[in-house]
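Every letter in the sequence shown is one number past the one before it in the UniProt record's numbering, and letter 486, counting from 1, is 486.
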Amino acid sequence: MRAGWGRKKRAKPSREGMAFPMRRQGWAALCAVTTLVLSGCKEREVANTWSNASGSVALSRDDSLLYVVDADNGILAVVDTARREKVSEVRVGPRPERVTVGPDDTVYVTNRGGRSVSVIRKGDAVEAARVPVGVEPTGMALSPDGSTLYVVNSAMRESAARGSLTAIDTGTLTARWELPLGEEPRGIALLEDGRKAAVSLFRQGDVMTVDLSDANHPQVMRAGTDLLARANRPSAAGAFGTPAPFDEPLPVETGPRSFRSRGMVDLLSAPDGRRLFAPVLWSREDPLGGPVDGRGPNMGDSMYGGGTPCGAAAGGGVVAAGLITFDTEDEAPRPVVDDLDECKPPPEEKPDYPTSLIASPLFDTPLQGPAAAVVDPTGAWLFLVNQDSNNVAILPSWRRSGSDLVNETSPVRQLVAVGAGPNGIALTRDGRKAYVYNAFDHTVSTLGSSGNQWGDIHEEGERLVIAGDTLSPMAAEGRRLFFSAVDARMTSPSVAVSCASCHLEGREDGHVWGFPDGPRQTPSLAGRMTTATAPFHWSGEFSALGDFMNATVKDRMGGQVLNEDTVAKLGAFIDAIPATDNPFRGEPLTASQARGAALFTQAKCDTCHTGAALTDNRNVDVGTFVLSGVLRDAKAVIKAGLNTPSLLGVGRTAPYLHDGSAPTLKARLLNGRETNLHGTTAGLSDADVDDLVAYLETL
């Protein structure tokens, strides 16, 4: 019996509910309403760590005010929900990311570009304070009594390799402690009345567990879970077969597909606290076939087509939207997840959680780029906000089938179209409305239902404009294209991916793709002057940006040949992607960093990594080609060499090399140090390597 499906559990309360149920303004009142639609409503408690909002929006405790953060404009907008109009705005820090509201209606905003949290008292039009935290703060959670605000930092001021959790005393607005975590932590959910916390790791697609029971001495309980092992349990097909001879076509069937989760941006709790849900992207790890050189199965008109987990017809390509369910009844959250190569449990097993792949129920309406989510107060329904497909999926949170769903290939009850780039949602406590922020349009969509019946959720009225574009018109349109999994120019319904499916947030995803020309790690595009670094691609085979984009969009993503205007818009946005915040950039060099700067020249690193973009744009062989195994470099690639990548922001773009084989900068420098193929490194001592790494982290 598969792990996670056969485990005996205590009886669960009824989880059927109406479209937008009320919270605890009297559970009896809620039952009275829901009996108009469904029967069997039972009285129960809602955990005091549950939240009715996620991402860029939140509601005041009486639902009279909607708070919206706009990253481009650096503001917190305040909306009167009864009058449906913006009543004020508060200037906060650079690139505000998320917002949450305390029990006293104090508003907290993480400023991702400002290493701070803004504090705004209800009714004020200015900040009450701006509290310093770590680098690129994102997720927040308040203790049940509101005395402590927990803030997740993507990196530490002392380390680019790991993030942290900061506890802020909301009375004094000072930090109590900072706990180091793993790489790129992002979302947080409190468990057991705030005695524990679960923190998502963005690129790793996993969850850490932190013990908060001692208010002054937090500890990491678990650094991760066995999620990937559960998601890739061997199927009946067995493991990969013997690799084909080098540079000969691989057989069409080489064994089961393997997948990894990534882009775990958020964590949300069921109202009773017994389950956590994490929106993710599932990505193929095994070799991808395609028309590039014939190595591997031909997927038709797109390299990314036909590779969906579970083989769902309407689920997309090699990148698919997913939702991971974690059971919190053990000491640490335990994933319950499908084998993504099969996705159908045996007949005797009836999993009570959504499918791990969230395929769209409609072929011509993709579901892609999950960015935020919330569970309604009854625990029956989950709202999944999809940034790349501009819609909200509504699905049961404790089952995966039923006569009320659209079809048996998808757990989704309904898809509701909203504006461009949605990244936040809040549900009112009276059960009548939901608000979604469309970040690229700078508008709010209001969702409601007719007659409290499921299947009839719709957008009400005109969208409320919160702010205007700060990007140029070309870059603003380019962003919509870059993040679109629905624009026919960029992709097709059978593939349904966006540029951001690999370049998460315009950066990198930490993933190595098994392309026909070899293993290829996704490079970051943020702050790297990309359009000025021709030729393009790891092998430098495209001399013009348009040629590179057409090869990617048409041959891989199932889109169309792009005209000059479309290429220019995409290029304008790529050049506008802000650089990743670097804790070491812009500060005076330490003694170690200064020694490293001298070694950078001494080892002749600057002969290739030169100029403003820290690349000479030439192809070279630095001794890192992969010559054996299932994923290996093609002969044509080895003959041409690899294009020198930019080192801008290199300290936060692990793993390294074209095949992602070096987990750290130090590992890269130590691997092959004696060959002198990657700079003149043979004479460097271990101490020299440490100094050189210290300098590289400042770039």
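Just so it is clear, CB atoms sit at the ideal spot from N, CA and C, and this is done for glycine as well.
Keep in mind the model is a prediction, meaning the values are calculated, not measured.
Is it right to say residue 379 is buried, meaning 16 or more other beta carbons lie within 10 angstroms of its own, or is it exposed?
The residue labelled residue 379 in the question sits at position 379 within the sequence shown. Residue 379 comes out buried.
If you reduce the DSSP assignment to three classes, tell me which class residue 548 lands in.
Locating residue 548 in the sequence shown gives position 548, where the first residue counts as 1. Helix, per DSSP.
With a 10 Å radius around its C-beta and 16 neighbouring C-beta atoms as the bar for buried, classify residue 274 as buried or exposed.
By one-based count along the sequence shown, residue 274 stands at place 274. Buried.
Does DSSP put residue 89 in a helix, in a strand, or in coil?
Along the sequence shown, one-based indexing puts residue 89 at 89. Residue 89: strand per DSSP, three-state reduction.
DSSP beta-bridge partners for residue 116?
If you number the sequence shown from 1, residue 116 lands on position 116. Bridge partners of residue 116: 111, 132.
By how many angstroms is the C-alpha of residue 507 removed from the C-alpha of residue 547?
One-based indexing of the sequence shown puts residue 547 at position 547. One-based indexing of the sequence shown puts residue 507 at position 507. Computed Cα separation, rounded: 21 Å.
Would you mind sorting residue 433 into buried or exposed? The rule is 16 or more other CB atoms within 10 Å of its CB.
Numbered from 1 along the sequence shown, position 433 holds the residue referred to as residue 433. Buried, since its Cβ has 16 or more Cβ neighbours within 10 Å.
Is the separation between the beta-carbon of residue 55 and that of residue 371 shorter than 8 Å?
As a working note, residue 55 is residue 55 in the sequence shown. As a working note, residue 371 is residue 371 in the sequence shown. Taking 8 Å as the Cβ cut-off, residue 55 and residue 371 qualify as a contacting pair.
State the CB to CB distance for the pair residue 230 and residue 354, rounded to an integer number of angstroms; the pair is presumed to be in contact (CB under 8 Å).
To locate residue 230, count along the sequence shown from 1; it is residue 230. To locate residue 354, count along the sequence shown from 1; it is residue 354. With a Cβ gap of about 15 Å, residue 230 and residue 354 do not count as contacting.
In the DSSP assignment, what are the bridge partners of residue 394?
Taking the sequence shown and counting its residues from 1, one reaches residue 394 at position 394. Residue 394 pairs with 383, 414.
With C-beta atoms as the reference, is residue 426 less than 8 Å away from residue 66?
Stepping through the sequence shown from its first residue, residue 426 is reached at position 426. Stepping through the sequence shown from its first residue, residue 66 is reached at position 66. In this structure, residue 66 lies closer than 8 Å to residue 426 by Cβ.
Please tell me whether residue 69 and residue 117 are closer than 8 Å, where the distance is taken between their beta carbons.
By one-based count along the sequence shown, residue 69 stands at place 69. By one-based count along the sequence shown, residue 117 stands at place 117. Result no, Cβ atoms of residue 69 and residue 117 do not sit closer than 8 Å.
Tell me which residue opens and which closes the beta strand (DSSP E) that residue 178 is part of.
In the sequence shown, residue 178 corresponds to position 178, counting from 1. That run of the beta strand (DSSP E) goes 174 to 180.
List in chain order: all unbroken beta strand (DSSP E) runs of 3+ residues lying wholly within the region 195 to 241.
Fully enclosed beta strand (DSSP E) runs of 3 or longer: 196 to 201, 206 to 211, 219 to 222.
What residue range is occupied by the uninterrupted alpha helix (DSSP H) comprising residue 690?
Within the sequence shown, residue 690 is the residue found at index 690, counting from 1. Unbroken alpha helix (DSSP H) run through residue 690: 686 to 696.
Starting from the Cα of residue 597, find the closest Cα among 695, 325, 609 and give me that residue.
For this step, residue 597 is matched to residue 597 along the sequence shown. Measuring from the Cα of residue 597, the nearest candidate turns out to be 695.
Short of 8 Å in beta carbon distance, which residues of its chain neighbour residue 84, apart from the five on each side in sequence? Order them along the chain.
The sequence position of residue 84 within the sequence shown is 84, counting from 1. Only 446, 461, 464 meet the Cβ criterion.
Can the beta-carbon of residue 189 be found less than 8 Å from the beta-carbon of residue 128?
Here residue 189 refers to the residue found at position 189 of the sequence shown. Here residue 128 refers to the residue found at position 128 of the sequence shown. Against a cut-off of 8 Å, the Cβ pair of residue 128 and residue 189 comes out as no contact.
How would you label residue 698, buried or exposed, when you count the other beta carbons within 10 angstroms and need 16 or more for buried?
As a first step, residue 698 is located in the sequence shown; it is residue number 698 there, counting from the start. Per the 10 Å Cβ criterion, buried.
Assuming residue 137 contacts residue 126 (C-beta within less than 8 Å), just tell me the rounded distance between them.
Translated into positions along the sequence shown, residue 137 becomes position 137. Translated into positions along the sequence shown, residue 126 becomes position 126. So it is not a contact: roughly 20 Å between Cβ atoms.
Roughly how many whole angstroms lie between the Cα atoms of residue 422 and residue 156?
Counting from 1 along the sequence shown, the entry for residue 422 is found at position 422. Counting from 1 along the sequence shown, the entry for residue 156 is found at position 156. Roughly 28 Å between the two C-alpha positions.
With a Cβ-Cβ cutoff of 8 Å, do residue 358 and residue 414 count as a contact?
Position 358 of the sequence shown, counted from the first residue, corresponds to residue 358. Position 414 of the sequence shown, counted from the first residue, corresponds to residue 414. The answer is no: Cβ separation not under 8 Å.
Suppose the cutoff is 8 Å on Cβ atoms and the five residues either side in sequence are ignored; what does the same chain contact list for residue 373 look like?
Locating residue 373 in the sequence shown gives position 373, where the first residue counts as 1. Around residue 373: 54, 266, 268, 277, 279, 323, 382, 383, 384, 385, 425.
What number of angstroms, rounded off, separates the C-alpha of residue 368 from the C-alpha of residue 171?
Along the sequence shown, one-based indexing puts residue 368 at 368. Along the sequence shown, one-based indexing puts residue 171 at 171. Answer to the nearest angstrom: the Cα atoms are 41 Å apart.
Indicate whether residue 488 and residue 389 have their beta-carbon atoms separated by less than 8 Å.
Reading the sequence shown from its first residue, position 488 is the one you call residue 488. Reading the sequence shown from its first residue, position 389 is the one you call residue 389. No, the Cβ-Cβ distance between residue 488 and residue 389 is not below 8 Å.
Look at the alpha carbon of residue 221 and the alpha carbon of residue 209, and state the distance between them as a whole number of angstroms.
Walking along the sequence shown from the start, residue 221 turns up at place 221. Walking along the sequence shown from the start, residue 209 turns up at place 209. Distance between the alpha carbons of residue 221 and residue 209: 5 Å.
Tell me whether residue 486, by its Cβ, gets closer than 7 Å to a heavy atom of the ligand GDP.
With respect to the ligand GDP, the structure offers nothing, as it holds no ligand at all.
Considering Cα atoms alone, identify which of 501, 366, 405 is closest to residue 494.
Position 494 of the sequence shown, counted from the first residue, corresponds to residue 494. The shortest Cα separation from residue 494 among 501, 366, 405 belongs to 366.
Around the Cβ of residue 561, are there at least 16 other Cβ atoms within 10 angstroms (buried) or fewer (exposed)?
Position 561 of the sequence shown, counted from the first residue, corresponds to residue 561. Classification of residue 561: exposed, given that the 10 Å Cβ count is below 16.
Mind checking who residue 607 pairs with in its DSSP beta bridge?
In the sequence shown, the residue the question calls residue 607 occupies position 607. None, per the DSSP bridge assignment.
Flag this pair as yes or no: are the beta carbons of residue 555 and residue 303 separated by less than 8 Å?
Position 555 of the sequence shown holds residue 555. Position 303 of the sequence shown holds residue 303. Cβ atoms of residue 555 and residue 303: closer than 8 Å.
Tell me the residue span of the beta strand (DSSP E) that contains residue 75.
Counting from one through the sequence shown, the residue named residue 75 turns up at place 75. Its beta strand (DSSP E) spans residues 75 to 80.
Output yes or no for whether 8 Å exceeds the beta carbon distance between residue 211 and residue 224.
Numbered from its first residue, the sequence shown carries residue 211 at position 211. Numbered from its first residue, the sequence shown carries residue 224 at position 224. Result no, Cβ atoms of residue 211 and residue 224 do not sit closer than 8 Å.
Grab the span of the alpha helix (DSSP H) containing residue 473 for me, first residue to last.
Indexing the sequence shown from 1 puts residue 473 at position 473. Start and end: 473 to 482.
Nearest-angstrom Cα distance between residue 644 and residue 624?
Translated into positions along the sequence shown, residue 644 becomes position 644. Translated into positions along the sequence shown, residue 624 becomes position 624. Answer to the nearest angstrom: the Cα atoms are 13 Å apart.
Where in the region 514 to 568 do unbroken runs of the alpha helix (DSSP H), each at least 4 residues long, occur, reported from the N-terminal end onward?
For the region 514 to 568, whole alpha helix (DSSP H) runs of length 4 or above, ordered along the chain, are 545 to 550.
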